[in-house]
Amino acid sequence: MTSTEDEVASFVAARRQGLMRFGFMLTGDRAAGEDLVQEALVRCLPSWGRLDPQGVEAYVRKVMARLAWKARQHPLRMHPSPGQALPTTADIAEMSAEKTDLRRALASLPPQQRVVLILRYWQDLSEVEIAELLGCRRGTVKSRASRAYAQLRQELGWSDDAAIANNMPGVRGDAR
Amino acid sequence: MNHPADDRSTLLRERLDRLADSVSVGNGIDGAQLYRRGVRRRRRRVAATTVLIAAATALVIAGGATWLPGMTDSSGSRPGDGQPAAPTERPRPDQWAYVKYYLPDHPGDDANDPDDDVVKVTARWLRVDGQRDAHKIEGSDQLYVQNWVDDEYGDWTPTELWDLYESLPRDPDRLLEAIYTELQRFNQEKPGNFDLGGEGRYTTAVWLIGKLLGGNGLTPPPDLHAALFEALAKLPGVQVKEGVEDVAGRDAVFVGRVGDSCASCLSGMFLDPEDHTYLGGTENYQGEDTEGWAILDRGIVDHMGERP
Numbered sequence: 235m236t237s238t239e240d241e242v243a244s245f246v247a248a249r250r251q252g253l254m255r256f257g258f259m260l261t262g263d264r265a266a267g268e269d270l271v272q273e274a275l276v277r278c279l280p281s282w283g284r285l286d287p288q289g290v291e292a293y294v295r296k297v298m299a300r301l302a303w304k305a306r307q308h309p310l311r312m313h314p315s316p317g318q319a320l321p322t323t324a325d326i327a328e329m330s331a332e333k334t335d336l337r338r339a340l341a342s343l344p345p346q347q348r349v350v351l352i353l354r355y356w357q358d359l360s361e362v363e364i365a366e367l368l369g370c371r372r373g374t375v376k377s378r379a380s381r382a383y384a385q386l387r388q389e390l391g392w393s394d395d396a397a398i399a400n401n402m403p404g405v406r407g408d409a410r
Numbered sequence: 055m056n057h058p059a060d061d062r063s064t065l066l067r068e069r070l071d072r073l074a075d076s077v078s079v080g081n082g083i084d085g086a087q088l089y090r091r092g093v094r095r096r097r098r099r100v101a102a103t104t105v106l107i108a109a110a111t112a113l114v115i116a117g118g119a120t121w122l123p124g125m126t127d128s129s130g131s132r133p134g135d136g137q138p139a140a141p142t143e144r145p146r147p148d149q150w151a152y153v154k155y156y157l158p159d160h161p162g163d164d165a166n167d168p169d170d171d172v173v174k175v176t177a178r179w180l181r182v183d184g185q186r187d188a189h190k191i192e193g194s195d196q197l198y199v200q201n202w203v204d205d206e207y208g209d210w211t212p213t214e215l216w217d218l219y220e221s222l223p224r225d226p227d228r229l230l231e232a233i234y235t236e237l238q239r240f241n242q243e244k245p246g247n248f249d250l251g252g253e254g255r256y257t258t259a260v261w262l263i264g265k266l267l268g269g270n271g272l273t274p275p276p277d278l279h280a281a282l283f284e285a286l287a288k289l290p291g292v293q294v295k296e297g298v299e300d301v302a303g304r305d306a307v308f309v310g311r312v313g314d315s316c317a318s319c320l321s322g323m324f325l326d327p328e329d330h331t332y333l334g335g336t337e338n339y340q341g342e343d344t345e346g347w348a349i350l351d352r353g354i355v356d357h358m359g360e361r362p
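One line per chain: the protein sequences are A and B, in this order.
Under the numbering used here, the first residue of the first sequence carries the number 235, and numbering increases by one thereafter.
Under the numbering used here, the first residue of the second sequence carries the number 55, and numbering increases by one thereafter.
Quick look at the structure:
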């Protein structure tokens with residue numbers, strides 16, 4: 235092994251779990267998320283030796299977010315394929331209904347909305363930080379986050395914020 | 055007391071946390087294997103000499119019309135005149151638009167195969183009326199069929215795209231205005247989707263012209279094909295690189311503009327240097343390291359799974 239190869243192997247072994255989860259959240263799908271991690275790592279290799287060792291993970295995550303964001307212009311959108319869209323039996327077994335519903339809702343979001351939602355609400359980045367990371371305007375981030383949140387609420391039947399607090403599905407529409 | 059919006063964010067974050075924590079993580083990624091894969095990928099890149107020509111000096115005058123370099127033949131005919139076989143009539147609603155893509159940087163096919171990115175060819179059949187959408191990875195027998203999902207602008211069905219072709223003006227100035235109007239209309243429906251302010255409108259227009267040239271198995275009628283190039287030549291800041299190769303290694307001309315997918319990224323399209331057929335595109339032109347997509351074949355067929 236070369237020294238860089240060693241470094242990459244050590245990094246992946248140490249950070250695999252966090253990166254895989256980030257990939258899953260960005261894509262809404264475990265297999266697509268794993269592909270995203272792999273693709274980002276491969277793209278980081280040419281500049282690996284120049285990266286600050288303390289900042290490698292942040293850099294890889296940035297590349298992952300950009301790749302997921304850029305799926306918009308790709309001729310084949312990065313939707314999970316039909317075989318990937320549904321959780322596997324093992325997934326279902328390990329997830330509560332709440333998580334399964336949230337996972338489905340997340341997977342149903344358009345790729346850019348999902349990316350912004352994850353960066354905004356899960357990674358807790360500001361709109362400005364997200365705009366800088368993705369190379370887009372703050373207004374784009376704001377509108378995507380707003381639409382993503384609105385669609386998530388609709389998909390999950392959250393009629394008000396209390397529904398989130400109680401982990402209970404709310405009542406759809408105006409029915410009371 | 056917390057602001058309700060803060061509570062909402064916190065609650066959503068907690069749910070997302072729980073979801074992320076519940077994802078089981080396998081050992082599917084091997085760092086050493088990834089390293090070797092990256093080295094192989096770089097070796098595959100074919101060096102290409104690139105020539106950067108600023109659009110202001112790149113325009114040439116031919117027969118009274120303004121073209122981008124290389125976009126007239128010796129007779130000065132319009133680029134659309136000699137385009138290769140492609141549907142130039144409205145396809146029937148029950149037909150299928152077939153496109154064969156080369157996607158060297160497309161994630162999502164086979165995570166367990168370390169050499170999966172060596173060649174990624176995917177065939178796609180989209181029913182003209184948008185009823186069904188199918189794709190198949192080359193070498194696989196599995197045909198994925200799903201309902202058509204229209205979630206982003208530019209995801210036209212072939213019928214919608216042909217309607218757009220017919221509605222667009224053939225005069226380049228009016229065509230550009232129609233393109234901006236179309237993008238603004240969409241921005242009103244979904245605010246902020248496109249950057250149409252200042253210079254951003256030019257980059258967005260380049261992107262849309264690429265979509266119209268390469269869209270979903272169709273090729274614009276010859277008069278529109280020519281008008282799109284005339285419109286392209288009128289956009290400030292467009293860069294042209296001649297004598298390059300597309301991501302599939304074919305001779306190509308690259309036409310693009312800075313600032314779409316990222317502030318410094320040069321995004322745009324590859325064109326056949328002879329007949330200016332749309333070959334594919336990239337969001338970040340990087341010379342020999344360019345990654346993107348290529349269209350290897352396209353046409354209209356009568357049945358899903360059939361090839362022209």
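Just so it is clear, CB atoms sit at the ideal spot from N, CA and C, and this is done for glycine as well.
All values reported here derive from a predicted model rather than from experimental measurement.
Taking each of E337(B), W210(B), S221(B) and G303(B) in turn and checking the Cα distance to T258(B), the smallest one comes out for E337(B). Here H330(B) carries a coil assignment [DSSP, helix/strand/coil]. A distance of 9 Å or more separates the beta carbons of Q346(A) and R300(A). Residue environment: N201(B) is assigned as exposed (fewer than 16 neighbouring CB atoms within 10 Å of its CB, all protein chains considered).
For I349(B) against Y155(B), the beta-carbon gap comes to about 6 Å, under 8 Å, which counts as contact.
The Cβ of Y293(A) sits no closer than 9 Å to any Cβ of chain B. The three-state secondary structure of Q242(B), taken from DSSP, is helix. Each of V307(B), V312(B) and G353(B) was checked against the Cα of L333(B), and the nearest Cα belongs to V307(B).
With respect to the 9 Å criterion, A281(B) and L222(B) are classified as neighbours on the basis of their beta carbons.
For R186(B), the nearest beta carbon of chain A is not closer than 9 Å to its own beta carbon. Annotation: V307(B) has no Cβ neighbours in chain A at a cutoff of 9 Å; minimum Cβ distance is about 20 Å. With a threshold of 16 other beta carbon atoms within 10 Å, G257(A) meets it and is buried. The criterion of a C-beta distance shorter than 9 Å is not satisfied by A341(A) and D269(A). V292(B) and M298(A) have their alpha carbons spaced roughly 28 Å apart. Residues P274 and L282 of the same chain have their beta carbon placed closer than 7 Å to that of L266(B), with the five preceding and five following residues left out of the count. For G252(A), the enclosing alpha helix (DSSP H) has its first and last residue at S237 to T261. Taken in chain order, the complete alpha helix (DSSP H) segments of 4 or more residues contained in the region 333-359 of chain A are 345-351.
With contacts defined as CB atoms closer than 9 Å, G322(B) and G303(B) fail to qualify as a contacting pair. Boundaries around V276(A) are those of the alpha helix (DSSP H), R264 to C278, since no beta strand (DSSP E) includes it. At least one CB atom of chain A sits nearer than 9 Å to the CB of L66(B). Under the three-state reduction of DSSP, K154(B) is assigned to strand. Counting along the chain, no beta strand (DSSP E) covers R144(B), and no H or E run does either.
Between the C-alpha atoms of H330(B) and G271(B) there is a straight-line separation of about 16 Å. Taking C-alpha positions only, L367(A) is separated from T374(A) by approximately 13 Å. A274(A) sits buried, since 16 or more C-beta atoms from the chains shown fall within 10 Å of its C-beta. Apart from sequence neighbours up to five positions away, the residues of its chain that approach V362(A) with a beta-carbon distance below 7 Å are R372, ordered along the chain. Pairing Q238(B) with L250(B), the inter-Cα distance amounts to about 8 Å. Listed in chain order, the non-local C-beta contacts of A177(B) below 6 Å within the same chain comprise K154 and K190, local neighbours out to five positions each way being set aside.
Shown here, Y339(B) sits in coil according to DSSP, grouped into three states, outside any helix or strand. As the crow flies, the alpha-carbon of V260(B) is around 13 Å from that of E231(B). Among the residues of chain A, none has a CB under 8 Å from the CB of L267(B); the nearest is roughly 13 Å distant.
Pairing G283(A) with T334(A) gives a Cβ-Cβ distance that is not under 9 Å.
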